[in-house]
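Engineer:
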Amino acid sequence: MKQLPVEWKSDRLIISNVEESDIPELESIYETSRYLHQWDGQEHDRNYVKECFEEGHLPPGGRLEKYRIQSIRTNEDDRYIGLLSVYHGYPSEDSIYLEFLYIQSEIQKQGYGQELIQAMTLHFSELG
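Going by the numbering used here, the sequence shown wraps up at 1334, each residue one higher than the last.
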């Protein structure tokens, strides 16, 4: 299965693979997502971004080369606003597992998440 590019764009967003230098800022954004765990029942992991960068957050039997953790930035001012974690090929080889998607709480409700999902869907349909 083909994967999302290392960097891709939508009208207002730049989505790219996380670099080690991105981790501190993305971890601070991730910290603002702690309220999500009241719904998923998971413990909040302060090192989530670093662990995903180093080891991936893989499904059962998953392989690191099929995993991506990507930062979400605005085109306008290149500001980090979120995080995307996907696995290519789970639960079946021709599917995508959206492990985590988060847009920073103070800028939610401006259509960024919707825009990202639409652009991602378009990329996957072009990949086949």
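Quick reminder that beta carbons are idealized off the backbone N, C-alpha and C, glycines included. These numbers come from a predicted model, not from an experiment.
1) In terms of residues, what are the limits of the alpha helix (DSSP H) holding residue 1327?
2) Please go through the same chain and pick out, in chain order, the residues whose beta-carbon is closer than 8 Å to the beta-carbon of residue 1261, but skip the five residues on each side of it.
3) Can you round the beta-carbon distance between residue 1272 and residue 1295 to whole angstroms, since I take them to be within the 8 Å contact cut?
4) Within the continuous beta strand (DSSP E) that includes residue 1278, where are the two ends?
5) From 1290, 1331, 1259, pick the residue whose C-alpha is nearest to that of residue 1310; which is it?
6) Compute the beta-carbon to beta-carbon distance between residue 1218 and residue 1321, rounded to the nearest angstrom, for a pair I have assumed lies under 8 Å.
7) Just reading off the alpha helix (DSSP H) that residue 1236 is part of, what are its end residues?
8) Buried or exposed: residue 1274, going by 16 or more other Cβ atoms within 10 Å of its Cβ?
9) If I measure Cβ to Cβ from residue 1282 and keep anything under 8 Å in the same chain, skipping five residues before and after, which residues do I get?
10) Between residue 1180 and the rest of its own chain, which residues show a CB-CB distance below 6 Å, the 5 nearest in sequence each way excluded?
11) Suppose contacts are defined by Cβ-Cβ distances below 7 Å. Is residue 1298 in contact with residue 1222 by that definition?
12) Contact check, residue 1231 vs residue 1286 under 8 Å by CB: the rounded distance?
13) Taking the alpha-carbon positions, what's the residue 1324 to residue 1212 distance?
Structural biologist: Reading from the atomic positions:
1) Within the sequence shown, residue 1327 is the residue found at index 121, counting from 1. Taken as a continuous stretch (DSSP letters only), the alpha helix (DSSP H) holding residue 1327 covers 1318 to 1333.
2) Translated into the one-based positions of the sequence shown, residue 1261 becomes position 55. Within the same chain, and ignoring the five residues on either side of residue 1261 in sequence, the residues whose Cβ sits closer than 8 Å to its Cβ are 1270.
3) Here residue 1272 is taken as the residue at index 66 of the sequence shown, counted from 1. Here residue 1295 is taken as the residue at index 89 of the sequence shown, counted from 1. With 8 Å as the limit, residue 1272 and residue 1295 qualify as a contact, their Cβ atoms being about 5 Å apart.
4) The count along the sequence shown starts at 1 and reaches residue 1278 at position 72. Following the DSSP letters along the chain, one finds residue 1278 inside the beta strand (DSSP E) bounded by residues 1273 to 1280.
5) Counting from one through the sequence shown, the residue named residue 1310 turns up at place 104. Taking the Cα of residue 1310 as reference, the smallest distance to any Cα among 1290, 1331, 1259 is reached at 1290.
6) Taking the sequence shown and counting its residues from 1, the one referred to as residue 1218 is at position 12. Taking the sequence shown and counting its residues from 1, the one referred to as residue 1321 is at position 115. Confirmed, about 6 Å.
7) Indexing the sequence shown from 1 puts residue 1236 at position 30. Looking at the DSSP string, the run of the alpha helix (DSSP H) that includes residue 1236 is 1229 to 1237.
8) One-based indexing of the sequence shown puts residue 1274 at position 68. By the Cβ neighbour-count rule, residue 1274 is buried, with 16 or more other Cβ atoms within 10 Å of its own.
9) One-based indexing of the sequence shown puts residue 1282 at position 76. Within the same chain, residue 1282 has close Cβ partners 1218.
10) The structure shown has nothing for residue 1180, since the chain only spans 1207 to 1334.
11) Stepping through the sequence shown from its first residue, residue 1298 is reached at position 92. Stepping through the sequence shown from its first residue, residue 1222 is reached at position 16. In this structure, residue 1298 lies away from residue 1222, with their beta-carbon atoms at least 7 Å apart.
12) On the sequence shown, residue 1231 is found 25 positions in, with the first residue counted as 1. On the sequence shown, residue 1286 is found 80 positions in, with the first residue counted as 1. Indeed they touch by this definition, with Cβ atoms about 5 Å apart.
13) Residue mapping note: residue 1324 aligns to position 118 of the sequence shown, counting from 1. Residue mapping note: residue 1212 aligns to position 6 of the sequence shown, counting from 1. Going from the Cα of residue 1324 to the Cα of residue 1212 covers about 18 Å.
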